[in-house]
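Chains as they are written, first to last, in the working numbering: chain A, 1 to 402; chain B, 1001 to 1402. Here's the structure we're looking at; comments come further down.
There are 2 protein chains.
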Amino acid sequence: MRDIKMYCTKCGKEYPIQNVHPRCGECNEPLEVQLVKEGKIKEGNPLRQTMLERYSDFFPFGEVNNDLSLHEGFTPLVPSPKIAKKVGVKKVYFKTESQNPTWSFKDRGTLAGIQHAYSLGYKKVGAVSTGNMAVSVAAYGQRAGFETFILVDKNIPEEKLNPVAIYGANLIKVDGDYGNLYYESLEIGKKYGIYFINSDVTYRVEGSKTIAFEICEQLNFEVPDYVIVPTSAGGNIRGILKGFEEFKACGLIDKIPKMICAQASGCSPIFNAFRDDKENIERVIEHETIAHGIENPFPPSGNEVLRKIRENGGICVAVTDEEIVTAQKEMAEEGIFGQPESAVPLASIKKLVAEGCLKDTDTVTCIVTGSGLKYTAAFKRHDLKAYDCKIENLSDFIGKFE
Amino acid sequence: MRDIKMYCTKCGKEYPIQNVHPRCGECNEPLEVQLVKEGKIKEGNPLRQTMLERYSDFFPFGEVNNDLSLHEGFTPLVPSPKIAKKVGVKKVYFKTESQNPTWSFKDRGTLAGIQHAYSLGYKKVGAVSTGNMAVSVAAYGQRAGFETFILVDKNIPEEKLNPVAIYGANLIKVDGDYGNLYYESLEIGKKYGIYFINSDVTYRVEGSKTIAFEICEQLNFEVPDYVIVPTSAGGNIRGILKGFEEFKACGLIDKIPKMICAQASGCSPIFNAFRDDKENIERVIEHETIAHGIENPFPPSGNEVLRKIRENGGICVAVTDEEIVTAQKEMAEEGIFGQPESAVPLASIKKLVAEGCLKDTDTVTCIVTGSGLKYTAAFKRHDLKAYDCKIENLSDFIGKFE
């Protein structure tokens, strides 16, 4: 490990880089690795590199173990002139994280976490998750040959359980207050030497930086005006912003995009605090949204996201399930089928244009967090059509579409 | 379009490159674009290119329309030293086509087909498919703004219908002999100006070449001894072999890997003909396999695959559903969760090692054709486990794993 520090995002207290516990002992706010101010992209063909190799200057690992990688990242940035025109902004890009090894953005942070665990000699990893992160940690933990613990909610539907179980990790359905398990798992981890790579832990945030790095490369270092991130725990948006900050500090880009923290109206603790001009988020008691992946009533990085969005001049926004479902279909009709939460950015653009926050001169990048195949219950919300036709009438039937 | 010809794979009859009908008027065998013998990879960062740009020398399009692309291809090549050791070969790589925009290899051929349709001025496209190709053509057709026709089998289960329907193409459930629809669709296409980008049409085969191109780049132009391709219609394996042949003809690689055509025992017309030393495949009357994506009783490129495999010194092999299910789990435990047909290559390695056809000095690349999320009914074939635990007992429970 290189000589880099960690610090508390709120009080600034310093911690050693080997630190695994993700929160400050003083103020219980999340820790963060010090900003990298000197570094460059490792030249070479991305087809022959892993993301931790290409961006190794921006990670404290020293040499990376490529056997841990499933060759995550380097996902497309797909432009949509059609949608940009329709919604009234200059350009819209979709960063399709749905094309990662386990079909969500989580793989980036999982790799960074697994690499950190490996570099510290851990042989056990875990995660508290019932969604994308559970799948991702199960896959990477098993690949690394680590004893892997995935703690899911006892009420997890089979549709979500099986795609985790197939990887063969120790899968535990936990009966009790699942909401507190994030904090409890950190204690269990300490006790038994299990590295819990949970939602917003320090190295997961580090992994998310690579989304920003790639956007910079893909746009030839002319960054978009806005990046919209569906936000749950808050780790991903923190990481993406940090990525832009590091590339700026290293002179690779001239400006930092404004970040838009996008939530579902049915569970929007960060948006609520932003709107009400509060310093801290408050737990949402009753919540319901189709965007389960971001249905987090008390995001562990919520306060830090608020601080960062304000400092960055960014925006918080919340959109309804109806708006999400409409946006999901519009994206599919452009060839991009994301989970409901992945449609939150497009729904947010429309809202923010209507409110005058986004203009027709703005370039916007939307983070497509995961594959639409991950949550097939959403199909029920769409009015999907198919025609029936006997084969002998097929030619005539198709002729009618002229 | 550049000055390149098409010819019949059997009788050699010449056709113009604008030709859309994929079969020879004389012998009804598939047509193929002439081998490219001069070309190089376009330098540049793959993060800022589409695959048709990077490999444009190998396509007859002239300038490509990048708006048609969803940034398919450039998928990982993931090594697995663990599996190589277990099965007894030198190296195993998995080419994870499951990370394409619609999560299967089909997107490469679809883009090439759409690009060809566009360059000829078509405004309508279609596909006869109940699986990955239906999803892929629906996505790309809609993105292009083409009138898109997807002809599925009337008995398609909802699990497969909805992921096609979400893209909003004209979806037609056809009641009748679905097996003949491949040929009938070509007639309907002629009549109404619809470009059917079916399973093994000429440009779909062209698109598959890029799998070979990338494998060459990813292995630094030291090609593997064998490439194993789950084979249905036969278009993908034809394209991959052609890709290696073109890179060899252009001096980019020194040798061509031996191709292994891998099928499921429950439906293995190409393997049967190879084993029985026949010139032509015979239709399989009764067929059943968990690997639905390659359950093709009468592959339109079957005879050509036989010719090419013999010329190439390759192998045909068939594996049982039980072997497929076992291999699917072993891959998942390495972090790679593919459809059942995507596990056919690994099952084939084990069989071929046992038969002495593959040796411990051999390097093998397996094509992972599509995401395991595409066929969740396969979960039933696995004995998937989860523990139940009350939250107050969790720490003790996890402690027992020490």
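Backbone N, C-alpha and C define an ideal beta-carbon position, used for all residues, glycine too. If you're wondering where the values come from, they're calculated on a predicted model, not measured in any experiment.
Does the Cβ of residue i have 16 or more other Cβ atoms within 10 Å, making it buried, or fewer, making it exposed?
i	result
proline 269/A	buried
cysteine 1316/B	buried
phenylalanine 221/A	exposed
phenylalanine 1213/B	buried
phenylalanine 59/A	buried
glycine 12/A	exposed
glutamine 99/A	buried
glutamine 1034/B	exposed
lysine 258/A	buried
Quick check on residue i - is its C-beta less than 8 Å from some C-beta in chain A?
i	result
arginine 1381/B	no
histidine 1021/B	no
glutamine 1218/B	yes
serine 1142/B	It should be noted that the sequence gives glutamine, not serine, for residue 1142/B. Yes, contact with chain A.
glutamate 1288/B	no
aspartate 1067/B	yes
phenylalanine 1059/B	no
phenylalanine 1247/B	no
leucine 1252/B	no
glutamate 1147/B	yes
isoleucine 1324/B	no
leucine 1035/B	no
Is residue i helix, strand or coil by DSSP?
i	result
glycine 1126/B	strand
tyrosine 1055/B	coil
phenylalanine 94/A	strand
valine 174/A	strand
lysine 311/A	The sequence shown places glutamate at residue 311/A, not lysine. DSSP places glutamate 311/A in helix when its eight states are reduced to three.
arginine 2/A	coil
proline 230/A	strand
glutamate 184/A	helix
valine 78/A	strand
phenylalanine 196/A	strand
aspartate 360/A	coil
glutamate 1355/B	coil
tyrosine 7/A	strand
arginine 1023/B	strand
glutamine 263/A	strand
aspartate 1067/B	helix
cysteine 250/A	coil
lysine 191/A	helix
lysine 258/A	strand
proline 1016/B	strand
leucine 151/A	strand
valine 1164/B	helix
isoleucine 1367/B	strand
aspartate 1396/B	helix
Give a yes or no on whether the minimum CB-CB distance between residue i and chain B is below 8 Å.
i	result
alanine 139/A	yes
proline 81/A	yes
glycine 121/A	no
glutamate 482/A	Summary: the structure shown does not reach residue 482/A, with chain A confined to residues 1 through 402, and so no result is reported for it.
glycine 314/A	no
glycine 168/A	yes
glycine 399/A	yes
glutamate 32/A	no
isoleucine 188/A	yes
Name, please, each residue of chain B whose Cβ falls closer than 8 Å to the Cβ of residue i.
i	result
alanine 386/A	Val1152, Leu1161, Ala1165, Leu1171, Ile1172 and Lys1173
glycine 403/A	Because chain A spans 1 through 402 in this model, residue 403/A falls outside it and cannot be assessed.
glycine 131/A	Near glycine 131/A there are no residues of chain B at all, since even the closest Cβ is about 13 Å away, more than 8 Å.
glutamate 392/A	Gly1176
Run down chain A in chain order and give the residues with a C-beta less than 8 Å from the C-beta of residue i.
i	result
cysteine 1389/B	Ile172, Lys173, Val174 and Asp175
Going along chain A, which residues have a C-beta under 9 Å from residue i?
i	result
leucine 1070/B	Pro76, Val78, Thr96, Glu334, Gly335 and Ile336
Please list the partners that residue i has in chain B, where partner means a Cβ-to-Cβ separation under 7 Å.
i	result
lysine 191/A	Ser1395
isoleucine 17/A	Those do not exist, as isoleucine 17/A stays about 26 Å from chain B at its closest Cβ, beyond 7 Å.
Chain B partners of residue i, CB-CB under 9 Å?
i	result
glycine 109/A	Those within 9 Å of glycine 109/A in chain B number zero; the least Cβ separation is about 15 Å.
glutamate 214/A	Leu1047
Name the chain A residues that come within less than 7 Å of residue i, Cβ to Cβ?
i	result
phenylalanine 1221/B	Per Cβ cutoff of 7 Å: no residues; phenylalanine 1221/B is ~11 Å from chain A at best.
Within 8 Å of any Cβ in chain C, is that where the Cβ of residue i sits?
i	result
glutamate 402/A	In the structure shown, chain C does not exist; the protein chains are A and B.
Any residues in the segment 342-376 of chain A with a beta carbon nearer than 9 Å to a beta carbon of chain B? Which ones, in chain order? Ser371, Gly372, Leu373, Lys374 and Thr376
Mind listing which residues of the segment 88-107 of chain A have their C-beta closer than 9 Å to chain B's C-betas, in chain order? Thr96, Ser98, Gln99, Asn100, Pro101, Thr102 and Trp103
Compile a chain-ordered list of the residues in the segment 41-53 of chain A whose CB is closer than 7 Å to at least one CB of chain B. Asn45, Pro46, Leu47 and Arg48
Interface residues of the segment 289-310 of chain A facing chain B [CB-CB below 9 Å]: none
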